[in-house]
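Scroll down for the structure; my scribbles are underneath it.
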Amino acid sequence: MRVVSRSLTIKQMATVSGLAVIVISIFIVIQLFHFVQQRRMDYATQMENIAHTVRKPLSEAVLKADIPQAERILASLKPAGILSRADVVLPNAFQALRSDFASEKAVPRLVARLFELPVQITVPLYSVDPPNPKPLAYLVLQADSWRVYQFILSALATMVTTYLLLALILSVAIGWCLNRLMVHPLRKIARELQALPTHAVAGHQLPMPPLHRDDELGMLVRSYNRNQQVLARLHADYGRQATHYPLSELPNRTLFLALLEQYLAGSSALAPFSVLVIRIDTLHDGGMMNDVQRDALLLTLVGRLRGTLDASTVLAQLNDTDFAVLARRAGTPFRAMQLARALQHLLSQPLPLEGIRLRPRASIGIAQRDGQSLSAEALLRRAISAMMSARHHNAQPILFFDPQLTERAQNRLNIEHSILTALEQEQFVLFLQPQTDMRDGALVGAEALLRMRLADGSYGLPDEFITNAEETSMMGELGRWVLEESCRLLAGWQARGITLPLSVNLSALQLRDTGMVGHLRELLQRHRIRPGQLILELTETAQVGEPQQALALLQEICDAGVAIALDDFGMGYANLHCLSQFKSLPISKLKMDRSFVAALPEDDSMVRIVAAIGHITGLSVIAEGVESAEQRDWLLARGITLAQGYFYAQPLSWQAFNLRYFPTRSDEEPA
Ligand code: C2E
Ligand code: CA
Ligand code: CA
Numbered sequence: 000m001r002v003v004s005r006s007l008t009i010k011q012m013a014t015v016s017g018l019a020v021i022v023i024s025i026f027i028v029i030q031l032f033h034f035v036q037q038r039r040m041d042y043a044t045q046m047e048n049i050a051h052t053v054r055k056p057l058s059e060a061v062l063k064a065d066i067p068q069a070e071r072i073l074a075s076l077k078p079a080g081i082l083s084r085a086d087v088v089l090p091n092a093f094q095a096l097r098s099d100f101a102s103e104k105a106v107p108r109l110v111a112r113l114f115e116l117p118v119q120i121t122v123p124l125y126s127v128d129p130p131n132p133k134p135l136a137y138l139v140l141q142a143d144s145w146r147v148y149q150f151i152l153s154a155l156a157t158m159v160t161t162y163l164l165l166a167l168i169l170s171v172a173i174g175w176c177l178n179r180l181m182v183h184p185l186r187k188i189a190r191e192l193q194a195l196p197t198h199a200v201a202g203h204q205l206p207m208p209p210l211h212r213d214d215e216l217g218m219l220v221r222s223y224n225r226n227q228q229v230l231a232r233l234h235a236d237y238g239r240q241a242t243h244y245p246l247s248e249l250p251n252r253t254l255f256l257a258l259l260e261q262y263l264a265g266s267s268a269l270a271p272f273s274v275l276v277i278r279i280d281t282l283h284d285g286g287m288m289n290d291v292q293r294d295a296l297l298l299t300l301v302g303r304l305r306g307t308l309d310a311s312t313v314l315a316q317l318n319d320t321d322f323a324v325l326a327r328r329a330g331t332p333f334r335a336m337q338l339a340r341a342l343q344h345l346l347s348q349p350l351p352l353e354g355i356r357l358r359p360r361a362s363i364g365i366a367q368r369d370g371q372s373l374s375a376e377a378l379l380r381r382a383i384s385a386m387m388s389a390r391h392h393n394a395q396p397i398l399f400f401d402p403q404l405t406e407r408a409q410n411r412l413n414i415e416h417s418i419l420t421a422l423e424q425e426q427f428v429l430f431l432q433p434q435t436d437m438r439d440g441a442l443v444g445a446e447a448l449l450r451m452r453l454a455d456g457s458y459g460l461p462d463e464f465i466t467n468a469e470e471t472s473m474m475g476e477l478g479r480w481v482l483e484e485s486c487r488l489l490a491g492w493q494a495r496g497i498t499l500p501l502s503v504n505l506s507a508l509q510l511r512d513t514g515m516v517g518h519l520r521e522l523l524q525r526h527r528i529r530p531g532q533l534i535l536e537l538t539e540t541a542q543v544g545e546p547q548q549a550l551a552l553l554q555e556i557c558d559a560g561v562a563i564a565l566d567d568f569g570m571g572y573a574n575l576h577c578l579s580q581f582k583s584l585p586i587s588k589l590k591m592d593r594s595f596v597a598a599l600p601e602d603d604s605m606v607r608i609v610a611a612i613g614h615i616t617g618l619s620v621i622a623e624g625v626e627s628a629e630q631r632d633w634l635l636a637r638g639i640t641l642a643q644g645y646f647y648a649q650p651l652s653w654q655a656f657n658l659r660y661f662p663t664r665s666d667e668e669p670a
């Protein structure tokens with residue numbers, strides 16, 4: 000193992016010192032400029048005072064042109080000490096007199112430039128008698144730059160030494176504190192871990208360094224200890240399951256729980272998913288199989304399970320006979336049941352195993368997180384408990400923890416099954432309900448409504464049938480059948496010269512089916528349906544969701560010559576928004592929801608709103624569910640002229656419809 004080649008102490012000292020040097024340098028430069036500036040100002044003031052003491056006699060001497068007297072006066076300034084030169088300059092800039100006091104030693108040019116040396120002042124000399132406002136001459140005094148330079152050097156030296164000393168003391172102090180606080184405990188931990196013999200690694204725990212419970216070091220130690228515990232548990236499980244764990248190479252119970260916990264923590268706000276527990280009792284048939292056979296059986300079954308599960312699903316082995324599945328995609332009871340059935344079917348396929356023929360039996364328990372917050376342990380426990388019930392339930396090898404869910408999933412499966420057989424046995428038919436102009440009772444259209452042949456021979460649509468079908472995979476197929484049948488009926492009318500438009504309901508699911516438009520075009524072409532004859536009714540909820548995608552699809556539908564009506568208009572919350580988006584599309588009708596008509600005459604607010612929307616958008620409004628003459632009159636009074644409802648007719652079979660509305664023509668079903 001690598002030893003420490005550059006200790007944290009050294010690194011941290013180097014950083015602190017480097018930083019200190021930079022800061023101190025900046026500090027010194029600023030302070031030096033400040034001091035020198037002050038010194039310059041002092042000199043200027045002193046020279047100003049000196050000049051004033053000699054101004055008067057000097058002016059007189061200059062006025063009298065008494066050069067020796069003026070020179071004497073200038074020379075008398077020398078003892079002041081700070082001066083290096085004193086000149087008298089005439090207004091025309093001629094130098095009249097000059098006296099040098101010190102043979103000025105040269106100051107380095109850079110220093111002179113930086114600090115603007117030498118310091119000079121100029122004082123005007125006036126004549127007093129006779130008085131004259133124009134100066135006679137100027138007295139120019141210059142300070143000794145060498146003195147200033149000496150001052151700069153000494154100030155710099157003092158500052159550098161003091162500050163560096165300060166920095167050194169601070170660095171050492173900070174270094175010592177950090178060392179005590181961090182490096183020491185870290186070093187202790189590192190040494191302990193380094194000295195750990197291999198056999199003691201598993202389950203090793205670090206002591207909590209005193210005074211560090213509440214800081215990052217404490218967190219480090221706690222995390223390490225927790226990870227060690229998880230590893231130790233895994234290790235123990237490994238040991239216990241040593242006979243088969245390496246064989247199936249699946250995560251064990253502990254790891255599964257850890258993965259589940261992780262998923263629970265990460266998955267978006269209570270998104271539903273399922274946990275399945277599968278028991279294969281065959282794996283436990285004491286005495287029937289030898290170890291080799293049991294291993295072979297296990298490998299085959301695990302292979303089968305893995306083959307059906309996709310990458311988003313986690314498969315784990317809990318013990319000799321039990322497996323757990325985390326199915327993220329199984330969000331509804333129906334999907335979970337579908338998955339469980341698929342797994343069960345697969346597991347129970349006969350296995351030719353070296354001499355014995357086996358048909359393994361699997362019991363499956365399902366727990367769902369459906370809007371409730373459960374821990375990983377709780378979920379797994381529920382799935383196991385459901386599995387145990389399923390084991391003792393001969394008729395029902397798949398059970399949910401929540402018995403209601405079993406029932407619901409079972410219902411859906413029954414519906415799926417019944418739709419499939421009804422399609423196969425041609426038990427579906429379309430009934431037609433007329434759409435009428437209320438002003439004169441003229442027939443203006445018809446809506447095709449799905450009906451199924453019921454056990455008693457009558458035709459009907461069980462409650463929630465469409466909703467349930469949408470939750471299974473059957474709605475797509477059923478929707479295709481409805482479209483095909485509608486086109487066939489329309490073609491039958493067209494052949495007889497009838498041009499009544501037919502409205503057909505489109506489920507939200509079909510709107511998301513990418514193959515739908517292609518299928519529709521093919522049908523229109525095959526039956527030579529004229530543009531405008533077919534109207535698709537969309538419920539508003541179908542449009543909400545992916546507006547852009549839905550809009551593009553609607554445009555394609557329109558381009559194919561099919562008109563669109565908005566069904567149950569007024570119930571969705573997105574009406575007006577949708578309407579503004581659909582401006583460009585040839586929507587032919589708004590179908591006012593039945594409930595608004597039912598509220599008449601007590602509450603006509605929605606009827607009035609929908610009528611107004613129709614008026615503003617220029618779309619015709621058709622009222623659904625008109626059951627009485629009174630309702631008809633109210634609607635007519637509000638400008639709504641089209642209606643569909645029991646007042647005019649119930650949905651009728653093809654034959655009954657034709658017999659009633661087109662009696663002069665043949666009422667045979669189209670070929
Ligand atoms: P919807 O599209 O609003 O269809 C109108 C429903 O109102 C029909 O019920 C019809 O029988 C009923 N109805 C008509 N006049 C009156 C009336 O005066 N009073 C009352 N109380 N009810 C009246 P139905 O046939 O049971 O259909 C129910 C829903 O099932 C439909 O509502 C539609 O959303 C859906 N559906 C029916 N057939 C199909 C289909 O072929 N495909 C799709 N995707 N959905 C369909
Ligand atoms: Ca409808
Ligand atoms: Ca409707």
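Going by numbering that gives the first Met the number 0, 174 is the number at position 175 of the sequence shown; the sequence numbering is gapless. Backbone N, C-alpha and C fix where the C-beta goes; we use that ideal spot for every residue, glycine too.
For Leu-501, the closest alpha carbon among the candidates Gly-330, Glu-536, His-344 is that of Glu-536.
For Met-387, the closest alpha carbon among the candidates Asp-65, Ala-445, Asp-321 is that of Asp-321.
The DSSP assignment places complete alpha helix (DSSP H) segments of no fewer than 4 residues inside the region 97-132 at 108-113, in order along the chain. For a cut-off of 8 Å, the C-beta gap from Ile-414 to Ala-468 is around 7 Å, short enough to register as a contact. Gln-316 and Asn-504 have their alpha carbons spaced roughly 48 Å apart.
Comparing C-alpha distances from Phe-427 to each of Glu-484, Leu-124, Leu-550 shows the shortest one belongs to Glu-484. In the three-state reduction of the DSSP assignment, Lys-588 falls in the strand class, which pools E and B.
Secondary structure of Thr-435 (DSSP, three-state): strand. For Lys-588, the CB stays at least 7 Å from every heavy atom of ligand 3. By the Cβ criterion, the region 373-388 is not in contact with the region 299-311, since fewer than three pairs of Cβ atoms, one from each stretch, lie closer than 8 Å. Between the region 390-397 and the region 287-300, the count of C-beta pairs closer than 8 Å stays below three; the two stretches do not touch. Secondary structure at Ala-447: strand, using DSSP grouped into helix, strand and coil.
Non-local C-beta neighbours of Leu-135 in its own chain, meaning closer than 7 Å and more than five positions away in sequence, comprise Ser-58, Val-61, Leu-62, Leu-124, Tyr-125, Ser-126, ordered along the chain.
Per DSSP, Ala-201 is not a residue of any beta strand (DSSP E), being assigned neither H nor E.
A direct Cα-Cα distance of roughly 11 Å separates Gln-68 from Ser-75. The three-state reading of DSSP puts Leu-419 in helix, counting H, G and I together. Straight-line spacing of the CA atoms in His-526 and Ile-497 works out to 15 Å. A heavy atom of ligand 2 is found nearer than 7 Å to the CB of Asn-504. DSSP places Tyr-645 outside both helix and strand once states are collapsed to three, so it counts as coil. Distance between Leu-167 and Ser-16, taken at the CA atoms: about 8 Å.
Setting aside the 5 residues that flank it on each side, His-518 is surrounded in the same chain by Arg-479, Leu-482, each with a C-beta closer than 8 Å to its C-beta; the list follows chain order. Membership of Arg-146 in the alpha helix (DSSP H) is indicated by the continuous run 144-177. In the same chain as Asp-280, and ignoring 5 residues on each side of it, the C-beta atoms closer than 6 Å to its own belong to Arg-360, in chain order. Beta-bridge pairing by DSSP links Leu-398 to Gly-364. The C-beta separation of Ile-120 from Ala-43 comes to about 6 Å, placing the pair in contact by the 8 Å criterion. Its Cα nearest to that of Val-200, the residue Asn-226 stands out among Asn-226, Leu-219, Arg-108. Take Ala-385, set aside five residues on each side of it, and the residues of its chain with a beta-carbon closer than 7 Å to its own are Gly-364, Ile-365, Ala-366, Leu-398, Phe-399, Phe-400, in chain order. Looking at the DSSP output, Asn-410 bridges to nothing. Distances from the CB of Val-481 to the heavy atoms of ligand 1 include at least one below 7 Å.
Asp-512 is positioned such that its CB atom lies closer than 8 Å to that of Gly-475. The residue among Ile-563, Gln-547, Ala-92 with its C-alpha nearest the C-alpha of Leu-533 is Ile-563.
Annotation for Ala-95: Val-87, Val-88, Leu-89, Ala-136 place their beta carbon closer than 7 Å to its own, counting only its chain and skipping 5 residues before and after. In this structure, ligand 2 has no non-hydrogen atom nearer than 7 Å to the beta-carbon of Asp-280.
Rounded to whole angstroms, Arg-450 and Glu-425 show a C-alpha spacing of 11 Å. Checking the DSSP bridge columns, you'll see Tyr-458 partnered with Arg-452.
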